[in-house]
Amino acid sequence: MATIEKRERKGGTVYMVDIRIAGVPRQKKTFQRLTDAKIWAAKTETAIRNGEIKNVVRTAKRKALSDVIERYEREVLPNLAKTTQRAAQTYLGYWKRELGAHALSYITPELIDERMEKLATAPDGRAKPKEKDGKEISPAPKPKSRKTLKHYRDTLAVLFNHAHTWGWIGSNPLDGVNKITGIRDQRDRYLDDDERKALLEACRTSENHQLYPIVIFGLSTGARKSEILGLTLRDVDMARGLAVLRDTKNGETRSVPIVGHLHELLKEHIQWVNDSYNKKYPEAETRWLFPRRDLLAAIDIRAAWENALEESGVKDFRFHDLRHSTASYLAMQGAGLLEIADMLGHKTLQMVKRYAHLSGDHKRGLAEKLDANIF
């Protein structure tokens with residue numbers, strides 16, 4: 001928990017932030033402005049909880065996945081067969097790179113899903129070049145097999161089982177991840193017309209007045225929840241009708257269009273955000289587009305979202321499925337896979353091929369138009 005102490009010094013007033021969280025090394029910093037002190041405190045607390053401060057996570061009693069892997073390599077791996085050890089090093093290395101710095105208590109099924117999805121669509125580099133007519137030919141990159149993905153998933157399950165045995169965690173996040181492939185079945189879940197109307201109405205009438213513009217943002221742009229909630233006012237250019245997403249899954253900055261209904265909503269919403277900051281923190285450098293009540297960080301919409309789902313009667317639907325809905329609607333309106341991939345921020349077409357069948361009618365129309373013109 002962060003405390004801020006006001007102190008008078010020869011050079012003037014300063015504010016000392018002191019963050020003490022159980023099992024985590026103490027964090028301290030001094031500021032000349034109270035606003036800066038509050039913002040730093042909020043960001044640092046969030047970073048600690050998310051496992052983003054590596055030097056803190058690794059020395060904390062709240063263990064990181066890297067701590068589990070290192071103990072497993074030290075105490076368990078040497079007792080396994082040599083062939084098993086060699087294979088395990090590959091899987092352990094992947095998890096150490098991807099999630100090693102994360103605190104165990106903040107590794108969720110959704111986070112594991114993302115990493116498994118990334119793994120599933122990455123080329124398998126084990127294929128060896130072949131010779132033809134005396135020339136070496138590199139094989140086309142192939143996705144990893146279901147069997148290989150299962151090995152990665154099972155290795156992570158073993159790590160969490162040991163962490164549980166050692167008393168480091170209370171529950172295994174792998175319980176929420178498909179046990180056969182290591183990834184949840186690829187979802188094509190999107191809202192039909194009735195579901196969309198019901199869910200949007202529930203969001204519009206929610207006690208959380210920010211839920212509706214957030215959901216409209218997701219449905220209009222295909223942006224991920226983390227990308228939307230990571231936006232600040234500096235990232236939004238209403239004159240040009242663009243929002244710049246900086247904290248994206250693939251690490252690359254991309255922009256999304258703000259048009260129509262979303263544009264109208266954000267005009268009013270941004271005015272409210274600015275009024276709120278001007279009253280409480282007029283000098284704040286960081287102004288979240290969707291701030292929480294104290295304005296020091298982005299809002300958490302989990303409870304409001306669950307309430308809206310219950311109110312609307314929409315079943316088996318996650319916020320991330322808004323992204324699938326956007327892609328599906330685009331495909332049904334005739335957008336090509338390249339256009340959908342660009343909108344959603346995918347580097348390859350692999351992740352958007354699932355929507356190809358939805359654009360069949362549009363392709364038929366193009367083919368009929370071509371036939372009429374050339375034959």
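Numbered by full-length UniProt numbering, the letters in the sequence shown go through residues 1 to 375 in order. C-beta atoms are modelled at their ideal positions from N, C-alpha and C, and glycine is treated no differently. In this text the structure is predicted, and so the values were computed from the model without any measurement.
Annotation: the segment 156-243 contains no complete segment of the beta strand (DSSP E) (minimum length 3 residues). The Cβ atoms of Thr44 and Gln32 do not sit closer than 8 Å to each other. Cβ neighbours of Val68 within its own chain (closer than 6 Å, five residues either side excluded): Leu159, Ala163.
Per DSSP, the continuous beta strand (DSSP E) segment holding Glu8 begins and ends at 2-9. For Ala202, the CB contacts under 7 Å within the same chain, skipping 5 residues up- and downstream, are Ala308, Glu311, Ser312 in chain order. Taking the C-beta atoms as reference points, Ile270 is found no nearer than 8 Å to Asn208.
Shortest Cα-Cα distance from Arg240 to any of Lys29, His263, Gly222, Ala303 involves His263. Contact check for Thr253 against Leu242 fails: the beta carbons are separated by 8 Å or more. Per DSSP, the unbroken alpha helix (DSSP H) holding Arg115 starts and ends at 109-121.
Residue state for Val273 is assigned as helix, using DSSP reduced to three classes.
Within its own chain, the residues whose Cβ lies closer than 7 Å to the Cβ of Ser66, once the five positions on either side in sequence are excluded, are Arg58, Lys96, Gly100, Ala101, listed in chain order.
Contact between the segment 69-89 and the segment 105-113 is absent, with fewer than three C-beta pairs closer than 8 Å. Taken in chain order, the complete alpha helix (DSSP H) segments of 4 or more residues contained in the segment 63-88 are 65-75. Put simply, the backbone Cα of Ala298 is about 23 Å away from that of Met16.
Distance from the CA atom of Ala284 to the CA atom of Arg292, rounded to whole angstroms, is 15 Å.
In the DSSP assignment, Arg254 falls within the unbroken beta strand (DSSP E) covering 254-257. Counted as a single uninterrupted DSSP element, the alpha helix (DSSP H) harbouring Arg302 occupies residues 302-312. Taking the C-beta atoms as reference points, Lys150 is found no nearer than 8 Å to Ala122.
Here Thr44 is not bridged, per DSSP, to any residue.
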